[in-house]
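Just below is one structure, and these are the notes that go with it.
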Ligand code: SIN
Ligand code: MN
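In our numbering, the protein residues as written are 12 to 284.
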């Protein structure tokens, strides 16, 4: 699958492309069920909120077949090969839980800020692709983004190791206020958007796009997979973080067949019967 000229223009101008219905409910239901099972395990890859609720599960593509197929899915991999003009590898893979009632905040940040500072990634030639496993609503801690903020390069940030259980290079209030004011429509309104939609929707966003998400105090969980793909020639040069957080296998991804997840979901259903 390739991005069309309109999507390429939007990506360049706004820093993101939103694709509702990219995966069918049949494809996503299996991933959702497997994510719940993974959160129940006490593997080192599963990080918890301060309350003990799951926050994120790293590297599930290395030990779970459904997530392995997702990490190599042509609907996610081919658009990035197209944007970067070369093969890509998996830099990071996480299933963020944003658990009902307990999902905590993700502070304002740029992903590339962390990849550059912690992992020595040379250029912002890597991106996060968000795949919604649950319905993302305005009320259950949606991802919030500041359109056009990717045009500002890598902004000054502080290393926040205290607010949540996960350390992050975060932006200050003045920077967020300025960028949101710049992105606000001339007729008034907010310069921050929160794409919402059914499970199976996909959001691809530039490594320098500023984003965050509020806590989830609703009874509705908000699971999102973040697949981070990096251009192979742009692989990381520092190995400070554990391998399961910042991968060191720079092998180019060979995409699987477009129907690989449907085939897996049908076999999984038969096995469960
Ligand atoms: C992230 O920015 O990496 C995660 C944000 C979220 O899951 O809300
Ligand atoms: Mn992020």
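We put the beta carbon where it would ideally sit given N, CA and C, even for glycine.
Source: prediction; values computed, not measured.
Asked, Found
"For the alpha helix (DSSP H) that residue 273 lies in, which residues bound it at each end?", "271–283"
"If we require 4 or more residues per run, which alpha helix (DSSP H) segments fall completely within the region 184–244?", "184–194"
"Taking 7 Å as the threshold (C-beta atoms), are residue 63 and residue 227 in contact?", "no"
"Grouping DSSP H, G and I as helix and E and B as strand, with all else coil, what is residue 177?", "coil"
"Whole angstroms is fine: what's the gap from residue 95's alpha carbon to residue 269's?", "21 Å"
"Within the present structure, is the beta-carbon of residue 122 separated from the nearest heavy atom of ligand 2 by less than 6 Å?", "yes"
"Name the DSSP bridge partner or partners of residue 171?", "179"
"Identify which residue in 59, 219 and 107 has its Cα closest to the Cα of residue 125.", "219"
"Touching or not, the region 230–237 and the region 89–109, by the rule of three or more beta carbon pairs under 8 Å?", "yes"
"For residue 272, which option in 179, 21, 45 and 17 has the closest C-alpha, if you only look at C-alpha atoms?", "45"
"Hey, out of 282, 206 and 258, whose CA is closest to residue 152's CA?", "206"
"Are the region 16–28 and the region 152–164 in contact at 8 Å, needing three or more beta carbon pairs?", "yes"
"Just to check, is the beta-carbon of residue 154 closer than 6 Å to a non-hydrogen atom of ligand 1?", "yes"
"Rounded to the nearest angstrom, how far is the Cβ of residue 211 from that of residue 88, given a contact under 8 Å?", "Going by Cβ atoms, the distance from residue 211 to residue 88 rounds to 17 Å, so no, they are not a contact pair."
"What are the boundary residues of the alpha helix (DSSP H) that residue 123 is part of?", "122–130"
"With DSSP as the reference, label residue 79 as helix, strand or coil.", "helix"
"Sort out for me which residues DSSP pairs residue 105 with in a bridge.", "69 and 237"
"In the DSSP assignment, find the alpha helix (DSSP H) that holds residue 50 and state where it starts and stops.", "36–51"
"Please determine whether the Cβ atom of residue 244 lies at a distance below 6 Å from any heavy atom of ligand 1.", "no"
"Flag this pair as touching only if the region 125–144 and the region 239–250 have three or more C-beta atom pairs under 8 Å; answer yes or no.", "yes"
"Rounded C-beta distance between residue 203 and residue 99? I'm assuming under 8 Å.", "Residue 203 to residue 99, Cβ: 29 Å. No contact."
"Helix, strand or coil for residue 112, going by three-state DSSP, please let me know.", "coil"
"Check residue 118 in the structure and name its three-state DSSP category.", "strand"
"Excluding the five sequence neighbours on either side, which residues of its own chain have a C-beta within less than 7 Å of the C-beta of residue 243, listed in chain order?", "97, 98, 99, 100, 261 and 263"
"Under 6 Å from any heavy atom of ligand 1, does the C-beta of residue 107 make it?", "yes"
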